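>
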Amino acid sequence: MTFKSTVKQVGMYLVLVLMCMAVLLPFAIIISTSLKTYADSVKVPFTFNPGYVDFSAYKSVLQSGAVWKGLTNTLFVVLPIMVIGVLTSALSAYAFAKINFKAKGMMFTVLMFSMMLPGVITMTPAYVIYDMIGWTDTYLPLMIPNAFGTAACVFYLRQFFAGIPNELIEAGEMDGLGRFGVFTRIMLPLSKPALTAQMILWFIAGYNDYFGPMLYLNTEDKYTLQLVLKLMAGSSESHWPKVMACCIVTMIPLLIMYFAAQKKFVEGITMTGLKG
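Residue numbers (this note's numbering): 1110 to 1385.
Structure (structure tokens):
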């Protein structure tokens, strides 16, 4: 290894370390603050050393009925639609990837253009429509539209399905399978990594969604976890160790889901990049 290549490699690792530190710095601040007493958390200047390690903030969060209610509401909104939305997106992706029909190219182009449309453009008319039909202050605006899938999910799965050999579909049709049978018996089993990756991304997006619940939910008893956290942080007497402890607790379901399906998630992302 030459001196020039060594310097280049050291510089690259140095940049990666600095970027990693920049990403981890907020987490270090959150963890440090969550372990402080309230008096230490408001001291200026800020220090990472909590001095006296205090777990009372975590105890308060875990005993909070509002936090558990918010978690229950969030899972109720996200989990069913995560499964239904990915499956409906997979149906559309299968049609675009493997079925020839009229105006297929035009419809896919329109779908791709819809991904470029900022959500803020449809926010006001969507709210007016949901308010007219009595859906405001309910979970329906957060669930029903997503049950029909998303353009991004359709595009991702379409790329994956396009890489599955047509010979497998033809063999299934020779065995008497119809299009829905091919979808359920061939396409879905072969697409488990891609479906898992999409479900994880869907869960993260829905779990972290703040704007949608803030727009449509008015009753505190219906608040999702992100609104509960905002309510806790936005009070006139914010207890910062408790707020930071709540942030840590809210990360746990995401971490559990990611590590439980990490292999499938990475495999799905990698295989989709190689296919199509």
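For every residue, glycine included, the Cβ atom is placed at its ideal position computed from N, Cα and C. These figures come from a predicted structure and were not determined experimentally.
Using only alpha-carbon positions, find the residue among Val-1291, Val-1352, Asn-1327 and Met-1191 that is nearest to Leu-1338.
For the purposes of this step, residue 1338 is identified with residue 229 of the sequence shown, where counting begins at 1. Checking every option, the nearest Cα to that of Leu-1338 belongs to Val-1352.
> Here's a check: name, in chain order, each residue in its chain whose Cβ is nearer than 7 Å to the Cβ of Leu-1125, leaving out the five neighbours to either side.
By one-based count along the sequence shown, residue 1125 stands at place 16. Excluding sequence neighbours, Leu-1125 sits near nothing in its chain.
> Out of Pro-1154, Val-1162, Val-1132 and Leu-1123, point me to the one whose CA is closest to Ser-1141's CA.
Mapped onto the sequence shown, residue 1141 falls at position 32. Cα-wise, what sits closest to Ser-1141 is Val-1162.
> In chain order, what residues of the same chain have a beta carbon less than 8 Å from the beta carbon of Phe-1312, not counting five sequence neighbours either side?
Sequence index remark: in the sequence shown, residue 1312 carries index 203 (1-based). Answer for Phe-1312: Val-1187, Leu-1188, Met-1191, Leu-1363 and Met-1366, listed in chain order.
> How big is the Cα-Cα spacing for Lys-1372 and Cys-1262?
In the sequence shown, the residue the question calls residue 1372 occupies position 263. In the sequence shown, the residue the question calls residue 1262 occupies position 153. The alpha-carbon atoms of Lys-1372 and Cys-1262 are separated by roughly 19 Å.
> By the 10 Å Cβ neighbour count, where 16 or more other Cβ atoms means buried, how is Pro-1250 classified, buried or exposed?
Your numbering for residue 1250 matches position 141 in the sequence shown. Pro-1250 is buried by the Cβ-count criterion.
> From Ala-1354 to Tyr-1325, what does the alpha carbon distance come to, in whole angstroms?
Position 245 of the sequence shown, counted from the first residue, corresponds to residue 1354. Position 216 of the sequence shown, counted from the first residue, corresponds to residue 1325. Answer to the nearest angstrom: the Cα atoms are 27 Å apart.
> Please specify which runs of the alpha helix (DSSP H), each continuous and at least 4 residues long, are wholly inside the segment 1187 to 1231, giving them in chain order.
With a minimum length of 4 residues, the continuous alpha helix (DSSP H) runs that stay inside the segment 1187 to 1231 are 1213 to 1224.
> Just tell me which of Leu-1334, Ala-1256 and Leu-1277 has its CA closest to the CA of Pro-1298.
Residue numbering aside, residue 1298 sits at position 189 when the sequence shown is read from its first letter. Out of Leu-1334, Ala-1256 and Leu-1277, Leu-1277 has the C-alpha closest to the C-alpha of Pro-1298.
> If you measure between the beta carbons of Leu-1286 and Thr-1183, is that distance less than 8 Å?
The sequence position of residue 1286 within the sequence shown is 177, counting from 1. The sequence position of residue 1183 within the sequence shown is 74, counting from 1. No, Cβ-Cβ distance for Leu-1286 and Thr-1183 is not below 8 Å.
> Just reading off the alpha helix (DSSP H) that Asp-1330 is part of, what are its end residues?
The sequence position of residue 1330 within the sequence shown is 221, counting from 1. Looking at the DSSP string, Asp-1330 is not in any alpha helix (DSSP H), and its letter there is neither H nor E.
> Return helix, strand or coil for Ala-1370, following the three-state DSSP convention.
What you label residue 1370 is simply residue 261 of the sequence shown in a count that begins at 1. Correct three-state label for Ala-1370: coil.
> Measuring straight from C-alpha to C-alpha, what distance separates Val-1151 and Ser-1201?
Translated into positions along the sequence shown, residue 1151 becomes position 42. Translated into positions along the sequence shown, residue 1201 becomes position 92. For Val-1151 and Ser-1201, the distance between alpha carbons rounds to 52 Å.
> Going by DSSP in three states, Val-1151 sits in which element: helix, strand or coil?
The count along the sequence shown starts at 1 and reaches residue 1151 at position 42. Coil at Val-1151, not helix or strand.
> Going by C-alpha distance, which of Ala-1303, Phe-1289 and Thr-1293 is nearest Gly-1272?
Counting from 1 along the sequence shown, the entry for residue 1272 is found at position 163. Gly-1272 has its Cα closest to that of Ala-1303, out of Ala-1303, Phe-1289 and Thr-1293.
> Quick one: grab the DSSP three-state call for Thr-1293.
Your numbering for residue 1293 matches position 184 in the sequence shown. Helix, per DSSP.
> What is the rounded straight-line gap between the Cα of Leu-1226 and the Cα of Met-1216?
As a first step, residue 1226 must be located in the sequence shown, where it is residue number 117. As a first step, residue 1216 must be located in the sequence shown, where it is residue number 107. So the alpha carbons of these two residues sit roughly 16 Å apart.
> Quick check on Ser-1345: does DSSP put it in helix, strand or coil?
The count along the sequence shown starts at 1 and reaches residue 1345 at position 236. Residue placement at Ser-1345 is flagged as unreliable, the pLDDT there being 49, under the threshold of 50; a coordinate-derived value is accordingly withheld.
> What ranges does the alpha helix (DSSP H) occupy inside the segment 1256 to 1320, keeping only unbroken runs of at least 4 residues that lie completely in it?
If we require 4 residues or more, the alpha helix (DSSP H) runs fully inside the segment 1256 to 1320 come out as 1260 to 1271, 1275 to 1283, 1288 to 1291 and 1301 to 1316.
> Which of the three DSSP states is assigned to Ile-1242 in this structure?
Looking up residue 1242 in the sequence shown gives position 133. The answer is coil: DSSP assigns Ile-1242 none of H, G, I, E or B.
> Note the first and the last residue of the continuous alpha helix (DSSP H) segment covering Ile-1253.
To locate residue 1253, count along the sequence shown from 1; it is residue 144. Note, Ile-1253: premise wrong, no alpha helix (DSSP H); not H, not E.
> State the DSSP-derived secondary structure class of Leu-1056, mapped to helix, strand or coil.
Lying outside 1110 to 1385, the shown extent of the chain, residue 1056 is not represented and no answer is given.
> Return the chain-ordered list of same chain residues with a C-beta closer than 8 Å to the C-beta of Thr-1328, the five sequence neighbours on each side being excluded.
Start at 1 with the first residue of the sequence shown, and residue 1328 comes out as number 219. Cβ within range, chain order: Asp-1246.
> Using 8 Å as the threshold, is the C-beta distance between Phe-1270 and Met-1221 below it?
As a working mapping, residue 1270 is identified with position 161 in the sequence shown. As a working mapping, residue 1221 is identified with position 112 in the sequence shown. No, they are not a contact pair.
> With the cut-off set at 8 Å, would you say Gly-1343 and Gly-1258 are in Cβ contact?
For the purposes of this step, residue 1343 is taken as residue 234 along the sequence shown, with counting starting at 1. For the purposes of this step, residue 1258 is taken as residue 149 along the sequence shown, with counting starting at 1. Contact: no.
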